[in-house]
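Here the structure comes first, spelled out in structure tokens, and everything after it is commentary.
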Amino acid sequence: MLAPEPGLMIWTLITFGVAVLVLTVFAFKPLQKALDARRQNIQDGMDAAEAARAEALRLLEEYKATLAKVRGESEEILERSRATADHAKAEIIAEAKSQSERILEEAHEQIERDTRAALRALKGQIAELTALATTKVAASSLTEADQRRLIEEALAELDVEKLGVEGDG
């Protein structure tokens, strides 16, 4: 088997120490720096991602607030539009009602005037017919049947068109 030799053991330890020292100076420190830089890069990326996430959340909240404000304003505008439309509708209805009442009143007044004119014309014709019938009756002594016949003839002579009465009603 192997027998430990103290000289070889010392040289192995010295070589190992020098190798560790050389590796520490030339390999481990740069490797540690690279690992630290990589760790810092990862940390910076995570910090940037967290900052971006926080900014995104802030923007989302801002967007939600703006959206709520816009919705509120649009509801307010719609409500004002409805109120304006209702007011305009009420004004139009009131104006139409007023106009229809005025037209109806004017029609009633015209009917009243036409009725009075027709009655005046009727009274005049009745007076003429009565005078004519009286003259005919007085001018001759007639029997009662003749008097009725004369009155009916006088009434038949009555000018219906002068009375303003139409045949349909």
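Each residue of the sequence shown is one higher than the one before, starting from 0 at the first, in numbering that gives the first Met the number 0.
Every residue, glycine too, gets a C-beta built ideally from N, C-alpha and C.
Since we're looking at a predicted model, the values are computed, not measured.
Assuming contact is defined by CB atoms lying nearer than 8 Å, are residue i and residue j in contact in what I supplied?
| i | j | result |
| --- | --- | --- |
| Leu-128 | Leu-157 | yes |
Could you check how far apart the C-beta atoms of residue i and residue j are, in whole angstroms? I think they sit under 8 Å.
| i | j | result |
| --- | --- | --- |
| Ala-106 | Leu-131 | Contact doesn't hold; Cβ gap of about 37 Å is too wide. |
Got a sec, what are the start and stop residues for the alpha helix (DSSP H) residue i sits in?
| i | result |
| --- | --- |
| Leu-178 | With the chain running from 0 to 168 in the structure shown, residue 178 is simply not present. |
| Phe-15 | 5–22 |
Have a look at the options and flag the residue whose alpha-carbon is nearest the alpha-carbon of residue i.
| i | options | result |
| --- | --- | --- |
| Thr-134 | Ser-99, Ile-150, Lys-28, Ala-47 | Ile-150 |
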